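Asker:
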Amino acid sequence: MQDKTGQQLIDELFAADERPPRKLMEEIIAQSKEAVPLLVDVVRDESLQFFEAKGGGWAPIHAMRLLGEIGAEEGIEALLGLLGQESDYLYEETPVALAMIGPLAVRPLMDFARDRTNELYARINACHALTYLVARYPEQREAVVSFLREELGGDGEGAPDYYAFIVAYLCDLVAEKARADIERAFERGIVSTEVITLDDVAEDMASGEDWMLQQARGSFLDKYR
10 MQDKTGQQLI
20 DELFAADERP
30 PRKLMEEIIA
40 QSKEAVPLLV
50 DVVRDESLQF
60 FEAKGGGWAP
70 IHAMRLLGEI
80 GAEEGIEALL
90 GLLGQESDYL
100 YEETPVALAM
110 IGPLAVRPLM
120 DFARDRTNEL
130 YARINACHAL
140 TYLVARYPEQ
150 REAVVSFLRE
160 ELGGDGEGAP
170 DYYAFIVAYL
180 CDLVAEKARA
190 DIERAFERGI
200 VSTEVITLDD
210 VAEDMASGED
220 WMLQQARGSF
230 LDKYR
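Its first residue numbered 10, the sequence shown is counted upward by one per residue in this note's numbering.
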């Protein structure tokens with residue numbers, strides 16, 4: 010039997026709505042050269058995120074996961090565009106997908122987080138992606154921790170939540186060498202204490218790596234049967 014084309018596989022993905030079989034996901038990954046541009050198109054089309062859209066709003070979620078599994082450098086820019094989406098699946102899982110792509114995503118994520126024209130919580134999510142990336146690629150730890158420390162030394166920009174989440178991510182990574190930077194940020198009053206306090210920092214640092222980082226080491230395919 011002749012192999013299905015990438016477009017045929019993507020059509021099946023749309024038809025499957027919420028629950029495409031794992032076999033279909035694996036077939037798309039095997040056809041990655043042809044499938045990646047099609048998956049990027051799905052991710053870029055915001056109209057597909059709605060329940061009434063083709064695929065019931067699930068196609069961008071599956072496409073995001075697949076781009077992560079494939080490790081598609083070509084998908085980085087499109088995935089960055091999902092970091093601020095209100096959909097729980099997209100907001101929570103896109104950082105993991107970007108982390109799966111690995112070192113090639115580090116610089117784009119840093120540039121995105123630094124760019125104050127991007128939406129605040131999308132920038133926060135970019136920092137979260139970098140944290141996940143360290144869990145999967147430990148050799149990137151020094152670069153990511155250095156970046157987060159540099160950001161924590163910023164001017165405050167009237168965005169205390171941004172700095173609070175950076176503190177939280179440094180705690181997730183148990184970045185003890187950032188402790189002085191964290192304390193200075195609290196002294197400067199740029200950190201939202203509604204998100205995290207110095208007492209939280211002490212507790213989190215003592216408790217070790219955050220358990221949520223484990224999901225960055227797994228596979229999205231485990232969500233499919």
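Idealized CB from N, CA, C, for every residue including glycine. Since the structure is predicted, the reported quantities are computational estimates derived from the model, not experimental observations.
1. Does the distance from the C-beta atom of residue 77 to that of residue 105 stay below 8 Å?
2. For my contact list, residue 133 and residue 79 are in at a C-beta cut-off of 8 Å; report their separation, rounded to the angstrom.
3. To test your reading of the DSSP string, which unbroken alpha helix (DSSP H) runs of 4 or more residues are found completely within the stretch 144-205?
4. Tell me the DSSP secondary structure of residue 14 in three-state form.
5. Buried or exposed: which applies to residue 226, given that a residue is buried once 16 or more other Cβ atoms fall within 10 Å of its Cβ?
6. Could you check whether the stretch 57-64 touches the stretch 21-33, counting it as contact only if at least three pairs of C-beta atoms, one from each stretch, sit closer than 8 Å?
7. Do you know how far the Cα of residue 197 is from the Cα of residue 232?
8. Would residue 176 and residue 152 qualify as a contact pair, given that the criterion is a beta-carbon distance under 8 Å?
9. Alpha carbon to alpha carbon, how far is residue 139 from residue 163? Give it in angstroms, no decimals.
10. Expressed to the nearest angstrom, what Euclidean distance is found between the alpha-carbon atoms of residue 142 and residue 169?
11. Using the Cβ count rule (16 or more neighbours within 10 Å means buried), how would you classify residue 86?
12. Relative to the alpha-carbon of residue 159, which residue among 189, 130, 205, 131 has its alpha-carbon at the smallest distance?
13. From this set, 13, 180, 156, which residue's C-alpha is nearest residue 32's C-alpha?
14. Would you say residue 69 and residue 57 are within 8 Å of each other, going by their C-beta atoms?
15. Hey, could you find the ends of the alpha helix (DSSP H) residue 63 is sitting in?
16. Alpha carbon to alpha carbon, how far is residue 127 from residue 91? Give it in angstroms, no decimals.
17. Assign residue 10 to one of two classes, buried (16 or more other C-beta atoms within 10 Å of its C-beta) or exposed (fewer than that).
Answerer: Reading off the structure:
1. The count along the sequence shown starts at 1 and reaches residue 77 at position 68. The count along the sequence shown starts at 1 and reaches residue 105 at position 96. Residue 105 sits close to residue 77, with the two beta carbons spaced by under 8 Å.
2. Locating residue 133 in the sequence shown gives position 124, where the first residue counts as 1. Locating residue 79 in the sequence shown gives position 70, where the first residue counts as 1. The C-beta separation of residue 133 from residue 79 comes to about 26 Å, leaving the pair out of contact by the 8 Å criterion.
3. With a minimum length of 4 residues, the continuous alpha helix (DSSP H) runs that stay inside the stretch 144-205 are 150-161, 169-181, 188-197.
4. Taking the sequence shown and counting its residues from 1, the one referred to as residue 14 is at position 5. Three-state result, residue 14: coil.
5. Here residue 226 refers to the residue found at position 217 when the sequence shown is read from its first residue. The residue is exposed, with fewer than 16 neighbouring Cβ atoms inside 10 Å.
6. The stretch 57-64 makes contact with the stretch 21-33; the number of CB pairs closer than 8 Å reaches 3 or more.
7. Locating residue 232 in the sequence shown gives position 223, where the first residue counts as 1. Locating residue 197 in the sequence shown gives position 188, where the first residue counts as 1. Approximately 43 Å between the Cα atoms of the pair.
8. Stepping through the sequence shown from its first residue, residue 176 is reached at position 167. Stepping through the sequence shown from its first residue, residue 152 is reached at position 143. Cβ atoms of residue 176 and residue 152: not closer than 8 Å.
9. What you label residue 163 is simply residue 154 of the sequence shown in a count that begins at 1. What you label residue 139 is simply residue 130 of the sequence shown in a count that begins at 1. Residue 163 and residue 139: Cα-Cα distance of roughly 18 Å.
10. For the purposes of this step, residue 142 is identified with residue 133 of the sequence shown, where counting begins at 1. For the purposes of this step, residue 169 is identified with residue 160 of the sequence shown, where counting begins at 1. Rounded to whole angstroms, the separation of the alpha carbons of residue 169 and residue 142 is 24 Å.
11. Mapped onto the sequence shown, residue 86 falls at position 77. It is exposed - the Cβ of residue 86 has fewer than 16 other Cβ atoms within 10 Å.
12. As a first step, residue 159 must be located in the sequence shown, where it is residue number 150. Of the candidates 189, 130, 205, 131, the one whose C-alpha sits nearest the C-alpha of residue 159 is 189.
13. Along the sequence shown, read from residue 1 onward, the residue named residue 32 stands at position 23. Closest option to residue 32, judged by alpha-carbon separation, among 13, 180, 156: 13.
14. The sequence position of residue 69 within the sequence shown is 60, counting from 1. The sequence position of residue 57 within the sequence shown is 48, counting from 1. Contact flag set, yes.
15. Here residue 63 corresponds to residue number 54 of the sequence shown, with the count starting at 1. First-last for residue 63: undefined, no H or E at that position.
16. For the purposes of this step, residue 91 is taken as residue 82 along the sequence shown, with counting starting at 1. For the purposes of this step, residue 127 is taken as residue 118 along the sequence shown, with counting starting at 1. In this structure, the CA atom of residue 91 is about 12 Å from the CA atom of residue 127.
17. In the sequence shown, the residue the question calls residue 10 occupies position 1. Only weak support is given to the placement of residue 10: the predicted model assigns it a pLDDT of 49, under 50, and the value that follows is read from those uncertain coordinates. By the 10 Å Cβ count, residue 10 comes out exposed.
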